[in-house]
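Under this note's numbering, think of the first position of the sequence shown as 5, with each following residue one higher.
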Amino acid sequence: MPTSIPADHARGILLMLVAMLLFTLNDAIGKWLVATYPVGQLLAIRSFAALVVLVPLAWRNGDLKRLFSLARPGLQLVRILLVITEVGCFYWAVKFLPLADVFMFYLASPLFLTALSVIILGQHVGIRRWVALLVGFAGVIFIFPPSDAVLSLPALIALTGSLALALMLTLARTLSASGGLTLITLQTLGVGLAGAATVPFAWVTPDFVDLSLLCLLGLVATTGHFLMNSAVTTAPSAVVAPFQYTSIVWAIILGYLIWGDFPAPQALAGAALIVGSGLFVLYRENITKA
């Protein structure tokens, strides 16, 4: 009887955990910057900063030529449009909604991702994994009770972004033969061009510190996307999806370590639900391979 999780599943879970840590940092930096800078400008600078690193890597690995001869170009284009929609919706939503509400909507993404893995990829998802997902989402709502703003246009925008994220990750598995670096370079280029198209209409000149943060945002977000794409192509979506909720746990830990914010009992209870749902998935991964 196996006593450990399959190696690919364990690797996928670890990749998702690190990705969520990076996205938590990304969200905190982005929320602060978007209060001063237009969304399009933020997307353009962060994307082109990331391309400074991605393009040499793609060239060294021989992936640069593949950008112009990709299989299934239609799906590649759809995925790029989904990425643009996802990041645009997130930064637009945080301008008008409390970050807690945006977190709640975006953390519906694991539910969407699991459902899409059944519909599009034909993966089997048992009732226990669905229960783990729902318990994790209950933990999110426990930590971040929705405000009156959830019934608004910005809330609909945030929910649209959450669905776009799930669709993007589903297509990442479908297009995994293209290579993770190729997919990330393409989506970063697409987001950068979309953001650059808005720059003539809205621009705020950043100082050195803010410019550095905008560039850092690109590197953090790109690394997070690369790890998250790798997670869903390494392990089944239903295995790694519950671990998207750990971004809340990371937020609590970082809030305490950086700002000294000790979480309220309600937040700790919600975090316990999230961690518990993840541990349940790990437990099921052990016994289902018996």
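Heads up, the beta-carbon is just placed ideally off N, CA and C, and yes, glycines get one too.
Query	Result
8 angstroms CB neighbourhood of Gln-45 in its chain, flanking five on each side removed	Gly-199, Thr-202, Val-203, Ala-206, Trp-207 and Val-208
Euclidean distance between Cα positions of Phe-100 and Pro-158	6 angstroms
Segment contact flag, the segment 265–284 with the segment 57–68, C-beta cutoff 8 angstroms, min 3 pairs	no
Expected contact under 8 angstroms - CB spacing of Arg-15 and Thr-189 to nearest Å	Incorrect: roughly 22 angstroms between the Cβ atoms, too far for contact.
Other residues of its chain near Gly-280: CB distance less than 6 angstroms, five sequence neighbours each side excluded	none
Integer Cβ distance of Gln-39 from Cys-93, believed to fall under 8 angstroms	For the sequence presented, residue 39 should be read as Ala rather than Gln. 17 angstroms between Cβ atoms; not a contact.
Cβ pair count under 8 angstroms reaching 3, the segment 208–222 against the segment 73–84	no
Cβ-Cβ distance between Met-24 and Thr-250 below 8 angstroms	yes
Where Ser-113 sits in the DSSP three-state scheme	helix
Spatial distance of Ala-119 from Met-232 (CA atoms)	18 angstroms
C-beta atoms of Ile-17 and Phe-247 nearer than 8 angstroms	yes
Cβ neighbour criterion (16 or more within 10 Å) applied to Ile-49	buried
For Met-172 and Gly-66, the rounded distance between their alpha carbons	24 angstroms
Opening and closing residue of the alpha helix (DSSP H) in which Gln-45 lies	43–64
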